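Asker:
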Amino acid sequence: YNHRLTLVVVGLAKQMREMLSMLRYKLDAIHTKLKETPKMLIPLPGAQGFVGYKTLLTMEQKGKDTYEIYEPDYQEFSIAALLEGIDTPTLSQKMDQLLQGQKEIKDNQGQLLAQQAKIVMLMKNHYNRVMSELGEQGQALQAALAETEDFLTGELKGQGEAQVEAVYEALDLTVKELLGQRKEPLDAQLEQLYQDLKQSKGLEMKLKLGLPLVQLLGVDVGIETKVDLLTWGKKLLKTVKGR
């Protein structure tokens, strides 16, 4: 501390504070590389003396504005002026943490991007290998997949709706045919079931109501767990008409 480095900063007060703060931050970084941590002493302007940095911070925290010396002469120094441009340890630590956090985020992003690129490359290589091994069959497979997708999104929907309507019609005609053949009037249970059937919507509800009604009207529906409903409905209607 017997050799002083004097820096003259010219400019607005805010710019001067920023400049000194940056210099102090760089000097602190140099201090961390030393084997022994130097004592943080602040030179007193116009006096051959120093004051501890932590001492000034403590006095400032207690609300004091000035630092006083009595030897060789009495002098007052503004604590704010003495600390001008000097980073507090808390701010310095936060800056270090911020820089470290940014580095970790950047490293993690790099690792994630590398893993994603590796996965994409593996998938691409696997796909190319499979297509290469299949040769012409692979091209045919791609074409078949495209046709299947078009079929599922278009024609299949229309055919499914048409099949449901056909089942509706077959079930309705079957019930009407059975009622036409019936000589005695319907009892309360059959009448209620028939009315519910006419008002029901959806294939599932119509089957739940229609099949028991057909069964109660004297025809064994003969439906199994796995059956083509459209074919079954046509056969049932044909059986009833032939009675």
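Start counting the sequence shown at -14; every next residue gets the next number (my numbering).
Backbone N, C-alpha and C define an ideal beta-carbon position, used for all residues, glycine too.
The structure presented is a predicted model; accordingly, all values stated were derived computationally and were not measured.
1. Apart from the five residues just before and just after Y59, which ones in its own chain have a Cβ nearer than 6 angstroms to its Cβ?
2. Count the other C-beta atoms from every protein chain shown that fall within 10 angstroms of the C-beta of E209, then say buried if there are 16 or more, exposed otherwise.
3. So L26 is in the alpha helix (DSSP H); what residue range does that whole segment cover?
4. Does the region 1 to 18 touch the region 29 to 48, meaning 3 or more C-beta pairs lie closer than 8 angstroms?
5. Give the straight-line distance between the Cα atoms of K315 and L84, rounded to the nearest whole angstrom.
6. Across the region 49 to 58 and the region 29 to 38, are there enough close Cβ pairs to call them in contact, namely three or more that are closer than 8 angstroms?
7. Using DSSP with H/G/I as helix, E/B as strand and the rest coil, what is Y59?
8. Taking the straight line between their C-alpha atoms, what separation do you get for G70 and K49?
9. Which of the three DSSP states is assigned to V105 in this structure?
10. Where Y52 and L68 are concerned, what is the direct C-alpha to C-alpha distance, given to the nearest angstrom?
11. Which two residues bound the contiguous beta strand (DSSP E) that contains E53?
12. Considering just the uninterrupted stretch of the beta strand (DSSP E) at V36, what are its terminal residues?
13. Applying the criterion that 16 or more other CB atoms from any shown protein chain within 10 Å of the CB defines a buried residue, is I64 buried or exposed?
14. Using the Cα positions of N93 and F62, report the straight-line distance between them to the nearest angstrom.
Answerer: The relevant details are as follows:
1. Mapped onto the sequence shown, residue 59 falls at position 74. Taken in chain order, the list of residues that qualify is empty.
2. Taking the first residue of the sequence shown as position 1, residue 209 is located at position 224. Confidence at E209 is low in this model, with a pLDDT of 45, below 50, so the placement of that residue should be treated as unreliable; the coordinate-derived value is given next. Answer is exposed; the Cβ neighbour count stays below 16.
3. Indexing the sequence shown from 1 puts residue 26 at position 41. Per DSSP, L26 belongs to no alpha helix (DSSP H); it is in the beta strand (DSSP E), L26 to P28.
4. Two segments are said to touch when three or more pairs of C-beta atoms, one from each, lie closer than 8 angstroms; by this definition the region 29 to 48 does not touch the region 1 to 18.
5. The structure shown does not extend to residue 315, since the chain is modelled only from -14 to 228, so the question has no answer here.
6. At 8 angstroms Cβ cutoff, the stretches touch.
7. Here residue 59 corresponds to residue number 74 of the sequence shown, with the count starting at 1. Reduced to three states, the DSSP call for Y59 is coil.
8. Against the sequence shown, residue 70 aligns to sequence position 85. Against the sequence shown, residue 49 aligns to sequence position 64. For G70, the predicted structure reports a pLDDT of 49, less than 50, and the residue's modelled location is therefore unreliable. A value from the coordinates is still provided. Distance between the alpha carbons of G70 and K49: 19 angstroms.
9. Here residue 105 refers to the residue found at position 120 of the sequence shown. In the structure shown, V105 sits in a helix (DSSP, three-state: H, G or I).
10. Numbered from 1 along the sequence shown, position 67 holds the residue referred to as residue 52. Numbered from 1 along the sequence shown, position 83 holds the residue referred to as residue 68. Going from the Cα of Y52 to the Cα of L68 covers about 11 angstroms.
11. On the sequence shown, position 68 is the one that residue 53 refers to. Here the beta strand (DSSP E) through E53 covers T51 to I54.
12. As a first step, residue 36 is located in the sequence shown; it is residue number 51 there, counting from the start. Per DSSP, V36 belongs to the beta strand (DSSP E) from F35 to G37.
13. Residue mapping note: residue 64 aligns to position 79 of the sequence shown, counting from 1. Per the 10 Å Cβ criterion, buried.
14. Within the sequence shown, residue 93 is the residue found at index 108, counting from 1. Within the sequence shown, residue 62 is the residue found at index 77, counting from 1. Cα to Cα, N93 sits roughly 49 angstroms from F62.
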